[in-house]
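Asker:
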Amino acid sequence: NPTGGDNDLASPNRNCPGCTLAICPGQAARNNPGFVAAAENNCVAQENILIIHEGTAADDPDDNGDGGYIDFNFTIPVFKMKAIGIMDVEVDSEGNDIQFFDSSSSLLATETITGLGDNTWQSIEPPFESTTGLISRIRVLFNTSGAVTNFSYCGSTDLPGTPAPTIDTPSPIAMDATESPSSAPTVLPTGAPSGGTLGSIGGVVKEDI
Numbered sequence: 009n010p011t012g013g014d015n016d017l018a019s020p021n022r023n024c025p026g027c028t029l030a031i032c033p034g035q036a037a038r039n040n041p042g043f044v045a046a047a048e049n050n051c052v053a054q055e056n057i058l059i060i061h062e063g064t065a066a067d068d069p070d071d072n073g074d075g076g077y078i079d080f081n082f083t084i085p086v087f088k089m090k091a092i093g094i095m096d097v098e099v100d101s102e103g104n105d106i107q108f109f110d111s112s113s114s115l116l117a118t119e120t121i122t123g124l125g126d127n128t129w130q131s132i133e134p135p136f137e138s139t140t141g142l143i144s145r146i147r148v149l150f151n152t153s154g155a156v157t158n159f160s161y162c163g164s165t166d167l168p169g170t171p172a173p174t175i176d177t178p179s180p181i182a183m184d185a186t187e188s189p190s191s192a193p194t195v196l197p198t199g200a201p202s203g204g205t206l207g208s209i210g211g212v213v214k215e216d217i
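Take a look at the structure:
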């Protein structure tokens, strides 16, 4: 339930089967394509989500309508993004992408994010895989409002034929945002999977790009 009352960031959507307003705070404008779509694809509580904040750090959470980007930086390069959850991207908006970079900041691949409308949720599984483990940075680029709800990736120990170590607790994720309002995303994604090291998360709003 969003603390700032930005209900298009909430989940589940109030029109999902079995929902009531008390337990399902998600809402899309009736004239928005998300009004129908969110009742089908946003029916599981997403808990905490990551946004690019609009306004000052003291304001209630509100995803920036003009977009921006969020960077996931890896101190140990990884092979593949397994999946990423995306919420609340406007329909027919262009320039929403997932970009993959190597350690020299050369672009390796781009995956387009298709906007589904207010309060909608989708899981994207990019097909790109670096067989030599060259992915040092993954950028989620929004040209409109949007949020990241979850994030998973493959490190070297996740590849087929390689035994994965036993880890009792998830690796912590450190936030090292350097430009305003990168400190404003309200939360971090939950624990990192084994096999790669996520060193920091940062980002800027569109006006600063």
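Numbering (the working numbering), first residue to last: 9 to 217. C-beta atoms are modelled at their ideal positions from N, C-alpha and C, and glycine is treated no differently.
1) Is it the case that the segment 25-40 contacts the segment 105-113, given that we only count it when at least three CB pairs across the two stretches are under 8 angstroms?
2) Give the range of the beta strand (DSSP E) segment to which residue 97 is assigned.
3) Tell me residue 21's beta-bridge partners as DSSP assigns them.
4) Identify the continuous beta strand (DSSP E) that holds residue 109 and give its terminal residues.
5) With which residues is residue 131 paired in a DSSP beta bridge?
6) I'd like to know whether the C-beta atoms of residue 39 and residue 127 end up nearer to each other than 8 angstroms.
7) So, at 7 angstroms on beta carbons, what are the nonlocal neighbours of residue 111 in its own chain, with the 5 sequence-adjacent residues on each side left out?
8) Just the C-alpha distance for residue 148 and residue 140, rounded to the nearest angstrom, thanks.
9) Closest to residue 23 by CA distance: which of 90, 156, 35 is it?
10) Look at the alpha carbon of residue 97 and the alpha carbon of residue 155, and state the distance between them as a whole number of angstroms.
11) Secondary structure at residue 154, three-state DSSP: helix, strand or coil?
12) Assuming the contact rule is C-beta atoms closer than 8 angstroms, residue 46 and residue 125 should be a hit. Round their C-beta distance to whole Å, please.
13) Of the choices 87, 99, 93, whose alpha-carbon is the least far from that of residue 43?
14) Write down the C-beta distance between residue 90 and residue 133 rounded to the nearest angstrom, noting that I regard them as a contact closer than 8 angstroms.
15) Whose C-beta lies closer than 7 angstroms to the C-beta of residue 151 among residues of the same chain, with five residues either side of it excluded?
16) On the three-state DSSP scale, how would you describe residue 44?
17) Measuring alpha carbon to alpha carbon, tell me which residue in 79, 25, 14 is nearest residue 50.
18) How far does the beta strand (DSSP E) with residue 124 in it reach, from first residue to last?
Answerer: In short, the structure shows the following:
1) Three or more Cβ pairs closer than 8 angstroms define a contact, and the segment 105-113 falls short of that threshold against the segment 25-40.
2) Taken as a continuous stretch (DSSP letters only), residue 97 belongs to no beta strand (DSSP E), as it is neither H nor E.
3) 34, per the DSSP bridge assignment.
4) Looking at the DSSP string, the run of the beta strand (DSSP E) that includes residue 109 is 105-109.
5) Looking at the DSSP output, residue 131 sits in a beta bridge with 93.
6) Between residue 39 and residue 127, the C-beta spacing is not below 8 angstroms.
7) For residue 111, the CB contacts under 7 angstroms within the same chain, skipping 5 residues up- and downstream, are 85, 144 in chain order.
8) C-alpha separation (whole angstroms): 22 angstroms.
9) Ranking 90, 156, 35 by Cα distance to residue 23 puts 35 first.
10) Approximately 8 angstroms between the Cα atoms of the pair.
11) Residue state, collapsed to three classes: coil.
12) Confirmed, Cβ separation roughly 7 angstroms.
13) The residue among 87, 99, 93 with its C-alpha nearest the C-alpha of residue 43 is 99.
14) That pair is a contact at about 7 angstroms.
15) 75, 101, 102, 103, 104, listed in sequence order.
16) Residue 44 falls in the helix class under three-state DSSP.
17) Nearest C-alpha to residue 50: 25.
18) Element bounds for residue 124: n/a, residue is neither H nor E.
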